[in-house]
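Novice:
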Amino acid sequence: MTVENQVEDQGVAPEVVGELYDQGTELLSALMGGSLHYGYWEDPADTGSMAEASGRMTDLMIGKLAVRRGLRVLDVGCGTGRPALQLARTTGAEVVGVTISREQVRLANLAAETDGLHGQVTFQHGDASDLAFAPDSFDAAWLFESLLHMPDPQHVLKQIATVLRPGGRLAIANLVQRTALTEAEETGLAGYLRMTGIASLAPLDDYPNLITNSGLVLDELVDVSDHSVRQTLECVGAGLVDAVIPEVARTAAASEALGQTRSVVEQFAATRGIGYALVVASKPMR
């Protein structure tokens, strides 16, 4: 059984994901170093901070897009906007971010103003399954750990292919299924999927077909699991104990809820069949 099949029955609608992030963005951001995505450690034995590793993962994605000043980039599922702002500062490109969470739109636009990037970087409310942009209107796009929230990844990729200009690049960072899971792993994983609003988790081997069936060309598929998954989850688990619980768990109910959250994260960390991949694709020239 694949994770993709397992989660199809969850019915994770866009508005459910939006509500999840409306309520939990600031807590998740604190746990994950300011952004809402996994980190990258150059050496699997490195014990560097989550914030450093998160920035390093963003740098990897920026390198995959290879954009420059004068080009326009779409960030689908932009979260708090940190990766988009880093992209804009590094390359000079214009970035438009879209998220289903209105709270994330507010926080991201505030961050753009604070960083002096308002105008170059803008964020708006929108659904990735129904992008409100004209065809051929972006030079590049990325899905930074957001495709896993989409109930129909194929449809979303086709939407992005439509708004990309010919020759435009797409970069994807996503949790993936690397190997078949045991029954115990599937049971342990189910709680994490529910807690995080994950709607689809495609096997790594499915990505070539996902890309080509969307009208794109697969340029690169890199498994970076050993540089990311275990280290990120260890940082999140430690954060729940060292930083979050003392601040949040002021009642017995809150303390119990946070304890359950940590247990779910630990179960997910023990699921060895789950990994992390970077995918690069491009839209063919006409």
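Its first residue numbered 990, the sequence shown is counted upward by one per residue in the numbering used here. Every residue gets a Cβ at the ideal spot worked out from N, C-alpha and C, and that includes glycine. Everything numeric in this text was worked out from a predicted model, so none of it was measured.
Might you give, ordered along the chain, the residues of its own chain that have their beta carbon closer than 7 Å to the beta carbon of G1180, omitting 5 neighbours on each side?
Specialist: Locating residue 1180 in the sequence shown gives position 191, where the first residue counts as 1. Hits under 7 Å: V1253, Q1256.
Novice: Tell whether a beta-carbon distance below 7 Å holds between V1152 and D1208.
Specialist: Taking the first residue of the sequence shown as 1, we reach residue 1152 at position 163. Taking the first residue of the sequence shown as 1, we reach residue 1208 at position 219. No, Cβ-Cβ distance for V1152 and D1208 is not below 7 Å.
Novice: For R1167, which residues in the same chain have their Cβ closer than 6 Å to its Cβ, ignoring the five residues on either side in sequence?
Specialist: By one-based count along the sequence shown, residue 1167 stands at place 178. Counting only Cβ-Cβ distances below 6 Å, and skipping sequence neighbours, we find L1193, G1262, G1264.
Novice: Report all residues from its chain with a CB closer than 6 Å to the CB of S1271; omit the five preceding and five following residues, and keep chain order.
Specialist: The residue labelled residue 1271 in the question sits at position 282 within the sequence shown. Closer than 6 Å at the Cβ level, and outside the excluded window around S1271, lie R1158, V1206, D1208.
Novice: What would DSSP say about I1263, mapped onto helix, strand or coil?
Specialist: As a position in the sequence shown, residue 1263 is number 274, starting the count at 1. If DSSP states are grouped into helix, strand and coil, I1263 belongs with the strands.
Novice: Please report the distance separating the alpha-carbon of Q1249 from that of L1063.
Specialist: Within the sequence shown, numbered from 1, the residue matching residue 1249 stands at position 260. Within the sequence shown, numbered from 1, the residue matching residue 1063 stands at position 74. Roughly 36 Å between the two C-alpha positions.
Novice: How would you write the range of the beta strand (DSSP E) that D1048 sits in, first residue to last?
Specialist: Along the sequence shown, one-based indexing puts residue 1048 at 59. Counting along the chain, D1048 falls outside any beta strand (DSSP E), though it belongs to the alpha helix (DSSP H) covering 1039 to 1054.
Novice: From E1172, D1128, L1146, pick the residue whose C-alpha is nearest to that of E1083; which is it?
Specialist: Within the sequence shown, numbered from 1, the residue matching residue 1083 stands at position 94. With distances taken between Cα atoms, E1083 lies closest to D1128.
Novice: DSSP state of A1238, grouped into three classes?
Specialist: Here residue 1238 corresponds to residue number 249 of the sequence shown, with the count starting at 1. Confidence at A1238 is low in this model, with a pLDDT of 47, below 50, so its placement is unreliable and the value that follows should be read with caution. DSSP places A1238 in coil when its eight states are reduced to three.
Novice: In whole angstroms, what is the alpha-carbon distance linking D1141 and S1118?
Specialist: As a working mapping, residue 1141 is identified with position 152 in the sequence shown. As a working mapping, residue 1118 is identified with position 129 in the sequence shown. Approximately 8 Å, taken between the alpha carbons.
Novice: Just mark G1081 as buried or exposed, buried being the case when its beta carbon has 16 or more other beta carbons within 10 Å.
Specialist: As a position in the sequence shown, residue 1081 is number 92, starting the count at 1. Exposed.
Novice: Do A1042 and T1069 have their beta-carbon atoms positioned less than 7 Å apart in this structure?
Specialist: On the sequence shown, residue 1069 is found 80 positions in, with the first residue counted as 1. On the sequence shown, residue 1042 is found 53 positions in, with the first residue counted as 1. No, they are not a contact pair.
Novice: Out of curiosity, what's the CA-to-CA distance linking T1201 and W1131?
Specialist: Indexing the sequence shown from 1 puts residue 1201 at position 212. Indexing the sequence shown from 1 puts residue 1131 at position 142. Each residue's Cα considered, the two are about 17 Å apart.
Novice: Candidates L1099, A1227, A1150, E1223: which alpha carbon is nearest A1034's?
Specialist: Start at 1 with the first residue of the sequence shown, and residue 1034 comes out as number 45. Out of L1099, A1227, A1150, E1223, E1223 has the C-alpha closest to the C-alpha of A1034.
Novice: Using 8 Å for Cβ pairs, my map puts L1210 next to A1266. What's the rounded Cβ distance?
Specialist: Position 221 of the sequence shown holds residue 1210. Position 277 of the sequence shown holds residue 1266. 7 Å between Cβ atoms; contact.
Novice: Which residue wins for smallest C-alpha separation from D1104, given the options H1114, L1074, R1219, L1049?
Specialist: For this step, residue 1104 is matched to residue 115 along the sequence shown. Taking only the C-alpha atoms, the option nearest D1104 is L1074.
Novice: Between A1238 and G1226, what straight-line distance do the alpha-carbon atoms span, to the nearest angstrom?
Specialist: Here residue 1238 corresponds to residue number 249 of the sequence shown, with the count starting at 1. Here residue 1226 corresponds to residue number 237 of the sequence shown, with the count starting at 1. Because the pLDDT at A1238 is just 47, under 50, the model does not fix this residue reliably, and the value given afterwards should be weighed accordingly. Going from the Cα of A1238 to the Cα of G1226 covers about 15 Å.
Novice: Buried or exposed: which applies to R1275, given that a residue is buried once 16 or more other Cβ atoms fall within 10 Å of its Cβ?
Specialist: Mapped onto the sequence shown, residue 1275 falls at position 286. It is exposed - the Cβ of R1275 has fewer than 16 other Cβ atoms within 10 Å.
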